[in-house]
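Structure, as C-alpha cells:
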Amino acid sequence: MPPVFRFAPSPNGFLHLGHAYSALLNFERARETGGRLLLRIEDIDATRCRPDYETAIYEDLAWLGISWETPARRQSEHLADYRAALDKLSALGLVYPAFESRAEIARLIAAREVDGPWPRDPDGAPLYPGDAKSLSAGERERLITSGAPYALRLDMAAACRRVAGLTWNELGAGPDGERGIVSARPEAWGDVILARKETPTSYHLSVVVDDAHQGVSEIVRGQDLFHATSVHRLLQILLGLAEPAYRHHALIRDGEGRKLSKSSRSTGLRELRAAGATPAGIRRSVGLG
Numbered sequence: 003m004p005p006v007f008r009f010a011p012s013p014n015g016f017l018h019l020g021h022a023y024s025a026l027l028n029f030e031r032a033r034e035t036g037g038r039l040l041l042r043i044e045d046i047d048a049t050r051c052r053p054d055y056e057t058a059i060y061e062d063l064a065w066l067g068i069s070w071e072t073p074a075r076r077q078s079e080h081l082a083d084y085r086a087a088l089d090k091l092s093a094l095g096l097v098y099p100a101f102e103s104r105a106e107i108a109r110l111i112a113a114r115e116v117d118g119p120w121p122r123d124p125d126g127a128p129l130y131p132g133d134a135k136s137l138s139a140g141e142r143e144r145l146i147t148s149g150a151p152y153a154l155r156l157d158m159a160a161a162c163r164r165v166a167g168l169t170w171n172e173l174g175a176g177p178d179g180e181r182g183i184v185s186a187r188p189e190a191w192g193d194v195i196l197a198r199k200e201t202p203t204s205y206h207l208s209v210v211v212d213d214a215h216q217g218v219s220e221i222v223r224g225q226d227l228f229h230a231t232s233v234h235r236l237l238q239i240l241l242g243l244a245e246p247a248y249r250h251h252a253l254i255r256d257g258e259g260r261k262l263s264k265s266s267r268s269t270g271l272r273e274l275r276a277a278g279a280t281p282a283g284i285r286r287s288v289g290l291g
C-alpha cells in the first residue's frame, strides 16, 4: 500500500507562509515515496469558517503547484463519524458533561491560585479546575434537560488507567529535538474537551477519526502540535484506530520570532501573490528552494 499524507487547513482565514511550508512538505513527501496526498477541510467551527476562505485554499494550493486527490473531505459532512466515536468513549465511561462557563472556570482558577500556580497544559492553558465528575447522573440529566450549555470532557485519569506505555514514532523532531520512539504524556493535558453542546466534536477527536477513516499513514505537521500527539495517541488506542507515524516540522516565524497565524493577521499567500511573489519565490522563502 502506498503511504498516505494529508494537508488539513481550516477555512477560517487565508493561508500564510506557514501553511505553504506544511502543504509543500506533505506534497514533496508524497512525491518522494510514491504516496497519495489528501486534502481535508476542517470546517467544524461554523462561526468562523467561510466558503470564500475554502475557495481561497483551493486557489492558493493550485497556485503553489500542489495537487491532491479529489474530492476533499469536509468535516462538516461527517459529523456522524465523530458522534459514533464519542458514543464509544461514553460507553467506556470516559466522557462526562461539565457545565461551567468560561468565566466560571476563570474564577475557579483564580481562587485556586491563591495557594500557588495552577497547573497548565503544554500550550500554557490552565487545566480544567471544576468538579463536574462528581455530579450525579440525575443532576447531569437535569442540567442537560434544562438547556444549560456544557462541554463533554474526557476523564483523563480513567482513560490513562486503560493504557500503559503509550508512545509514538517521531520521524521529524519535537521542539526540544525529540525523535524516534517518544513517550506520550496525555495526562499533561487534563480533562480535554471532546465536544460541546453546540459543536458535536473537537479538534482532538475529529483529527484522529479523520486520519483513521482516510487511512493516513504519515502525519506531517508543525511542531506546535507535537505535544498534542499524546492526546491523539491515547484516543487512537481507546477507539481501536490504526497508529500513523508522525513527522513534526519546524515553524515559520515572523521577524520577532513568533509563529505565523491567522489570528495575528500574518501576511497571506494571496497578498504575497498580489505583490508579485511567485511559487518559486515562496518555496525559497520557506527554505525549500
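If you read the sequence shown in our numbering, its first letter stands for residue 3, the second for the next number, and so on.
Heads up, the beta-carbon is just placed ideally off N, CA and C, and yes, glycines get one too.
- Message: Tell me which residues share the same chain as V233 and place their Cβ nearer than 7 Å to its Cβ, disregarding the 5 neighbours each side in the sequence.
- Response: Taking the sequence shown and counting its residues from 1, one reaches residue 233 at position 231. These residues qualify, in order along the chain: P188, W191, V194 and H206.
- Item | DSSP state of P1 mapped onto helix, strand, coil | Any property of residue 1 remains undetermined from this structure, which presents the chain solely from 3 to 291.
- 8 Å contact criterion, which I46 and S208 should meet: CB distance rounded: As a first step, residue 46 is located in the sequence shown; it is residue number 44 there, counting from the start. As a first step, residue 208 is located in the sequence shown; it is residue number 206 there, counting from the start. About 6 Å separates the two Cβ atoms, so the contact holds.
- Message: In the DSSP assignment, the beta strand (DSSP E) including H250 goes from what residue to what residue?
- Response: The sequence position of residue 250 within the sequence shown is 248, counting from 1. Per DSSP, H250 belongs to the beta strand (DSSP E) from A247 to H251.
- Identify the residues that DSSP records as bridge partners of P128: which are they? The residue labelled residue 128 in the question sits at position 126 within the sequence shown. DSSP lists R122 as partners of P128.
- Query: Among S69, F9 and A247, which one has its Cα closest to the Cα of L173?
  - Reply: Here residue 173 refers to the residue found at position 171 when the sequence shown is read from its first residue. Of S69, F9 and A247, the residue nearest in Cα terms is A247.
- Backbone CA spacing between L145 and H251 [nearest angstrom]: Within the sequence shown, numbered from 1, the residue matching residue 145 stands at position 143. Within the sequence shown, numbered from 1, the residue matching residue 251 stands at position 249. Rounded to whole angstroms, L145 to H251 spans 44 Å at the Cα level.
- Compare the beta carbon distance of E143 and F7 with 8 Å and say whether it is the shorter of the two. As a working mapping, residue 143 is identified with position 141 in the sequence shown. As a working mapping, residue 7 is identified with position 5 in the sequence shown. Not a contact, by the Cβ cut-off of 8 Å.
- Task: Can you tell me the Cβ-Cβ gap for A197 and L154, rounded? I've got them flagged as a contact below 8 Å.
- Result: If you number the sequence shown from 1, residue 197 lands on position 195. If you number the sequence shown from 1, residue 154 lands on position 152. Between L154 and A197 the Cβ distance is about 4 Å, and since that is below 8 Å, they are a contact.
- Item | Backbone CA spacing between A159 and S103 [nearest angstrom] | Counted from its first residue, the sequence shown places residue 159 at position 157. Counted from its first residue, the sequence shown places residue 103 at position 101. Taking the straight line joining both Cα atoms gives about 22 Å.
- Item | First and last residue of the uninterrupted beta strand (DSSP E) at S24 | Position 22 of the sequence shown, counted from the first residue, corresponds to residue 24. Unbroken run through S24 is the alpha helix (DSSP H), L19 to T35; no beta strand (DSSP E).
- Message: Suppose contacts are defined by Cβ-Cβ distances below 8 Å. Is F9 in contact with N28 by that definition?
- Response: Here residue 9 refers to the residue found at position 7 of the sequence shown. Here residue 28 refers to the residue found at position 26 of the sequence shown. Yes, Cβ-Cβ distance for F9 and N28 is below 8 Å.
- Query: Which residue or residues does DSSP assign as beta-bridge partners of R272?
  - Reply: For this step, residue 272 is matched to residue 270 along the sequence shown. R272 pairs with nothing; no bridge assigned.
- Task: Give me the Cβ distance between V288 and L19, rounded to the nearest whole Å; I'm assuming they're in contact under 8 Å.
- Result: Residue 288 sits at position 286 when you count from the first residue of the sequence shown. Residue 19 sits at position 17 when you count from the first residue of the sequence shown. Correct: roughly 6 Å between the Cβ atoms.
- Message: Is it buried or exposed, P121, if we count other Cβ atoms within 10 angstroms and call 16 or more buried?
- Response: Here residue 121 refers to the residue found at position 119 of the sequence shown. Flag for P121 reads exposed.
- Task: Can you have a look at P4 and say buried or exposed, based on whether 16 or more other CB atoms are within 10 angstroms of its CB?
- Result: Residue 4 sits at position 2 when you count from the first residue of the sequence shown. Exposed, since its Cβ has fewer than 16 Cβ neighbours within 10 Å.
- Message: So within the segment 149–216, which uninterrupted alpha helix (DSSP H) runs reach at least 4 residues, ignoring any that extend past its ends?
- Response: 158–163 and 205–215
- Task: Examine the Cβ distances between the segment 28–44 and the segment 60–78 and report whether three or more of them are shorter than 8 Å.
- Result: yes
- Note down, in chain order, each residue of its chain lying with its Cβ closer than 7 Å to the Cβ of Y84, except the 5 sequence neighbours on either side. Working through the sequence shown from its first residue, we reach residue 84 at position 82. P202, T203, L207, S208 and V211, listed in sequence order.
- Proximal residues to Q238 (C-beta, below 8 Å), its chain only, five neighbours per side dropped: For this step, residue 238 is matched to residue 236 along the sequence shown. For Q238, where only same-chain residues beyond five positions count, the Cβ hits under 8 Å are V210, A214, A244 and E245.
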